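Report on the following structure.
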Amino acid sequence: MEQQASNLLGEKYTFEVNFLQLVPYATYEWPKDHPGAVAKGYYEGFIYQLERFLNSMGEDGKKSLNEAVSTKKVTLEIDESGKFSYCGCDIKDGVFRILSAENYLGTNVSDACEYIVKAVEAAEEAKGGGGLSVSAKANVKATVEKEFPGLEKQFAEILGYKVTLDANLEANFAKLKGSSFNESYFGTATLEYYKGFIYQLEYLKFKGDEMMQEAFQEAGSKATIRLEVVDELQNGAYYNDVLFKDGICAIQVSHLTPNTDPKTVPNYWYTNTGDVGSKVVDRL
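Oh and the sequence shown: position 253 is 256 in the working numbering, straight run, nothing missing.
Now the structure itself:
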């Protein structure tokens with residue numbers, strides 16, 4: 004199995020188990036009498052979940068995991084912190100740890116590493132890494148990078164001139180980081196704001212209306228539509244708004260839910276995306 008992990012990750016990994024530490028925590032027959040089989044089950048589960056992680060997160064995920072697990076070691080240990088109900092995983096001091104809760108050694112062994120992505124992202128955050136998280140990168144590649152060219156064509160047809168879409172990804176992610184939002188849908192949400200704007204422009208009949216197109220082109224002279232996450236919207240808007248500033252058309256999204264803790268209360272990101280630009284005529 005070590006070879007399997009090494010082949011998948013492109014670097015040599017080793018597995019380590021301290022049975023003297025594990026056996027005292029065995030509470031029923033299987034882990035008491037067959038600790039080797041129990042350990043094998045955890046590592047088989049690790050390989051299975053690793054394959055799923057790499058299939059979902061791709062080369063960026065592989066790179067991030069390899070960087071986080073600097074020792075290239077995977078251990079099986081007891082979760083003395085009590086963080087996990089039955090089992091889980093984390094990365095500590097450069098070691099990938101498969102963890103069993105104190106009284107549940109041998110329980111749900113295949114699921115211990117189900118959330119490798121969370122372990123990697125937690126390790127990245129602990130190091131103070133900037134930029135998009137592993138899951139956000141994967142989602143952006145599957146959504147924004149694939150669909151933006153087609154959306155730019157749609158905007159050009161509606162507005163009568165070629166525009167560039169600026170997703171402003173790193174700045175928006177940094178603004179949202181630390182609040183309650185789903186990182187794995189970051190790219191999906193970004194797309195929906197632009198799709199919502201297209202819907203409103205079509206509803207307002209910009210396509211084919213030269214006067215409206217010219218007004219937009221003049222206000223948006225830099226031919227860029229940028230998505231911006233902000234702390235507070237102007238003009239009394241609540242969820243999102245479209246403004247023109249310095250020749251750029253800015254889709255602005257409210258970052259905070261007023262009078263709440265941003266770490267626990269979902270903000271207005273990915274909310275009412277279909278309303279983007281409903282007041283755009285008033286902003287021209």
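Glycine included, each C-beta is placed from N, C-alpha and C at the ideal position.
Nothing here was measured: the structure is a model prediction, and the numbers come from that model.
Contact between Y196 and V143 does not hold, since their C-beta atoms are separated by about 14 Å, which reaches or exceeds 8 Å. In the three-state reduction of the DSSP assignment, G153 falls in the helix class, which pools H, G and I.
If you check the CB distance, S257 and V284 do not come in under 8 Å. Sixteen is the threshold: when 16 or more other Cβ atoms of the shown chains lie within 10 Å of the Cβ of E186, as they do, the residue is buried. Within the DSSP bridge table, the entry for F18 names V77 as partners. Under the criterion of beta carbons closer than 8 Å, T146 and L194 qualify as touching, at roughly 5 Å. According to the DSSP assignment, Q220 belongs to the alpha helix (DSSP H) that extends over 213–222. For the 8 Å CB-CB criterion, N270 and S183 form a contact. Separation of T167 and I94 (C-alpha to C-alpha, rounded to the nearest whole angstrom) is 40 Å. The continuous beta strand (DSSP E) containing K248 extends over residues 243–248. Contact holds between the segment 157–166 and the segment 202–216, because three or more Cβ pairs, one in each stretch, are under 8 Å apart. Put simply, the backbone Cα of G85 is about 21 Å away from that of G48. A218 and I251 have their C-alpha atoms spaced approximately 13 Å apart. By DSSP's assignment, E231 forms a beta bridge with Q255. The three-state secondary structure of A174, taken from DSSP, is helix. Rounded to whole angstroms, the separation of the alpha carbons of R286 and L57 is 45 Å. Straight-line spacing of the CA atoms in Y206 and Q157 works out to 14 Å. Sequence-distant Cβ neighbours of V123 in its own chain, meaning closer than 6 Å and more than five residues away, are S67, L68, A71, V137.
Here P34 is buried: its Cβ has 16 or more other Cβ atoms, across all protein chains shown, within 10 Å. Setting aside the 5 residues that flank it on each side, Q237 has no residue in the same chain whose C-beta is closer than 6 Å to its C-beta. With respect to the C-alpha of A104, the residue from T17, E80, E127, A126 having the closest C-alpha is E80. Within its own chain, the residues whose Cβ lies closer than 8 Å to the Cβ of G61, once the five positions on either side in sequence are excluded, are A141, K144, listed in chain order. Listed in chain order, the non-local C-beta contacts of I50 below 7 Å within the same chain comprise M4, Q7, A8, local neighbours out to five positions each way being set aside.
For K76 against E19, the beta-carbon gap comes to about 6 Å, under 8 Å, which counts as contact. Considering only D63, S73, A126, the residue with the shortest C-alpha distance to C92 is A126. In the three-state DSSP reduction, F49 falls in the helix class (H, G or I). Burial check for L108: the Cβ neighbour count within 10 Å reaches 16 or more, so the residue is buried. In this structure, DSSP gives F200 a helical state, which the three-state scheme calls helix.
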